[in-house]
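Remarks on the structure that follows.
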């Protein structure tokens, strides 16, 4: 687990400190190596981010499909809501042979996330490894979800994504 994840429970205390104290603590924290701040997974994600721009178009598409398939198979296996939704739509992530097959994947709405929170949380991750957060609530009601400690947050520190070939305006981030 990253230092960032260990310190997260203290964030509200940090936010209440005087600005001078926050500046001092923030400067000291930023002097720590990123691997310590963001955890082991950050280095793995950074290596991938640095290597992938040199991949061929076919290697990139192969990677996208493989990781998308793996993510959806994981969702079907460990999140009851996805399992039910995929079955109802007749969508089998393990059978995806091209990104075109993704069109058959049922979408998830904000309302789904609010109504089925527990069934959208992976049963394959220990509760101690889950970090509950919420969106800012810009549409009226914040939406809560879990991040995986040591994995989900380090990827936010990278400055890259993969545009999806069927919608160049949409960029996805895939992490494991």
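Residue numbers (our numbering): 250 to 425. Backbone N, C-alpha and C define an ideal beta-carbon position, used for all residues, glycine too.
One or two residues paired with residue i in a DSSP bridge
| i | result |
| --- | --- |
| residue 274 | None, per the DSSP bridge assignment. |
| residue 382 | 394 |
Status (buried if at least 16 other CB within 10 Å, exposed otherwise) for residue i
| i | result |
| --- | --- |
| residue 251 | buried |
| residue 370 | buried |
| residue 343 | exposed |
| residue 299 | exposed |
| residue 311 | exposed |
| residue 399 | buried |
| residue 272 | exposed |
| residue 324 | buried |
| residue 393 | exposed |
| residue 275 | exposed |
| residue 281 | exposed |
| residue 385 | exposed |
| residue 288 | buried |
| residue 397 | buried |
Secondary structure of residue i, DSSP reduced to three states
| i | result |
| --- | --- |
| residue 340 | coil |
| residue 357 | coil |
| residue 322 | helix |
| residue 399 | coil |
| residue 287 | helix |
| residue 281 | coil |
| residue 345 | coil |
| residue 269 | helix |
| residue 251 | coil |
| residue 328 | coil |
| residue 261 | helix |
| residue 375 | coil |
| residue 292 | helix |
| residue 334 | helix |
| residue 303 | helix |
Integer Cβ distance of residue i from residue j, believed to fall under 8 Å
| i | j | result |
| --- | --- | --- |
| residue 348 | residue 314 | 6 Å |
| residue 330 | residue 368 | 4 Å |
| residue 278 | residue 284 | 14 Å between Cβ atoms; not a contact. |
| residue 373 | residue 327 | 4 Å |
| residue 318 | residue 345 | 5 Å |
| residue 286 | residue 316 | That pair is no contact at about 25 Å. |
| residue 334 | residue 355 | 5 Å |
Heavy atom of the ligand ZN within 7 Å of residue i beta-carbon
| i | result |
| --- | --- |
| residue 386 | Among the ligands in the structure shown, none appear at all, so the ligand ZN cannot be discussed. |
Meets three-Cβ-pair contact criterion under 8 Å: the region 327 to 345 and the region 291 to 310
Flag = no, the region 327 to 345 and the region 291 to 310 do not touch.
Check whether the region 357 to 364 and the region 374 to 381 touch, using three or more Cβ-Cβ pairs below 8 Å as the test.
Short answer: they don't touch.
Taking 8 Å as the threshold, find out whether the region 288 to 296 comes into contact with the region 257 to 265 through three or more Cβ pairs.
Judged by pairs of C-beta atoms under 8 Å, the region 288 to 296 does not touch the region 257 to 265, as fewer than three such pairs exist.
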